[in-house]
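S.K.:
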Amino acid sequence: MGEKRGFTLIELLVVIAIIALLLAILMPALSRVKKQAKATACQMNLHHWAVIWSMYTGDNDGSFPDGVRNVDGKQVGHWLFAAEPYYKDEAIRWCPMAYKLWGQAQNPFVAWEATNVAGGAGFYTSYGINNWLYHPRGEALWGYEAENHWKSANVKGADNIPLFLDCFYLGGHPQPTNTPPDYNGQTQNAGPICMRRFCIDRHDGVTNMVFLNFAVRKVDIKELWKLKWHRQFDTNGPWTKAGGVQPTGWPEWMRNFKDY
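Heads up: the sequence shown runs through residues 8 to 267, numbered per this note's numbering.
1) Is the distance from the Cβ of Pro183 to the Cβ of Met261 below 8 Å?
2) Using three-state DSSP, classify Val213 as helix, strand or coil.
3) Output the distance between the C-alpha atoms of Ala222 and Gly127, rounded to the nearest integer angstrom.
4) Is it buried or exposed for Pro92, if we count other Cβ within 10 angstroms and need 16 for buried?
5) Closer than 8 Å is the cut-off here; do at least three beta carbon pairs connect the segment 93-109 with the segment 205-215?
6) Among all the DSSP beta bridges, which residues are the ones paired with Arg224?
7) Could you please give the first and the last residue of the uninterrupted alpha helix (DSSP H) stretch that includes Leu87?
8) Just verifying my parser: in three-state terms, what is the DSSP assignment at Phe171?
9) Is the number of C-beta pairs between the segment 168-181 and the segment 133-140 that are closer than 8 Å three or more?
10) Expressed to the nearest angstrom, what Euclidean distance is found between the alpha-carbon atoms of Gly251 and Leu231?
11) Within 10 Å of its beta-carbon, does Ala160 have 16 or more other beta-carbons around it, so buried, or fewer, so exposed?
12) Return yes when the Cβ of Leu177 is within less than 8 Å of the Cβ of Val124, no when it is not.
13) Under three-state DSSP, which class holds Ala147?
14) Along the chain, where does the beta strand (DSSP E) that runs through Tyr134 open and close?
15) Looking at C-alpha atoms only, which residue of Ile17, Tyr151, Asp266 is the closest neighbour of Pro199?
16) So the alpha helix (DSSP H) Arg204 belongs to, where does it begin and stop?
17) Going by C-alpha to C-alpha distance, which of Glu154, Tyr94, Tyr131 sits closest to His142?
18) For Cys49, which option in Arg224, Lys235, Leu234, Ile228 has the closest C-alpha, if you only look at C-alpha atoms?
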């Protein structure tokens, strides 16, 4: 019998080089597949939320909570607690791309703690509500006029009204004049400029959203300014093609996204 011969050093290096080349080719594809799977899981979460809000409004004559009602130190009028009886699995509160906490990841790939909501400490989410859906008790809610709030699910044009979506806070009151963030996940001035809370790229240029007709679909980032966030929201405002925005007017990170 002939003597068995092992790999020479050169042959071993060639094999290693081939394996490295294959990994270099396959890794981007595997990464894309992983991100697509997470985007699909995010949409599945939002389908659950569509059912939750359908049940909630069905049990309340079509109305949404008021946002602020407090019972025994718990802000039960906030969506966090108003929706709580309708689900058990806390994981549906987290987009699969944003389930880590501050310090473990960077915005917009983090889940936010509801520290500004009475009783909300320890409550984390990476989705938020369109605050214009709340049903204010008085003339305004957090400084935003009550008359512009939708208040109910029983309105015309529900298929173009955002309900619940990817968000880096708990919700917001977007306006058509709100400027986009300078970079993906910018938190500065996102208090008064509420569209920035929703204008985030977790899913390759789109965001996932539940509409007021309880349908779920992907929305292009720039399309956010074409949605009817509140009753008087100008869907042809300054950040739309109809309103005159030019491709160069957008922050650099958004310029390659589809225009609307």
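Beta carbons are placed, not taken as given, at the ideal position from N, Cα and C, and that holds for glycine.
M.R.: So, to answer that:
1) One thing to note: Pro183 has its Cβ no nearer than 8 Å to the Cβ of Met261.
2) Looking at Val213 - three-state DSSP - the assignment turns out to be strand.
3) Taking the straight line joining both Cα atoms gives about 28 Å.
4) By the neighbour-count rule (16 or more Cβ atoms within 10 Å), Pro92 is not buried but exposed.
5) Enough Cβ pairs lie closer than 8 Å, so yes.
6) Arg224 is bridged to Met216.
7) Segment 86-89, the alpha helix (DSSP H) holding Leu87.
8) When secondary structure is reduced to three states using DSSP, Phe171 falls in the strand class.
9) By the Cβ criterion, the segment 168-181 is in contact with the segment 133-140, since at least three pairs of Cβ atoms, one from each stretch, lie closer than 8 Å.
10) When rounded, the separation of the alpha-carbon atoms in Gly251 and Leu231 is 16 Å.
11) Residue burial is scored here from C-beta neighbours: Ala160 has at least 16 other C-beta atoms within 10 angstroms and is therefore classed as buried.
12) Between Val124 and Leu177, the C-beta gap is smaller than 8 Å, which places the two residues in contact.
13) Strand at Ala147.
14) Going by DSSP, Tyr134 is part of the beta strand (DSSP E) stretching over 134-137.
15) Of the candidates Ile17, Tyr151, Asp266, the one whose C-alpha sits nearest the C-alpha of Pro199 is Tyr151.
16) In the DSSP assignment, Arg204 falls within the alpha helix (DSSP H) that extends over 202-205.
17) Of Glu154, Tyr94, Tyr131, the residue nearest in Cα terms is Glu154.
18) That would be Arg224, whose Cα lies nearest to the Cα of Cys49.
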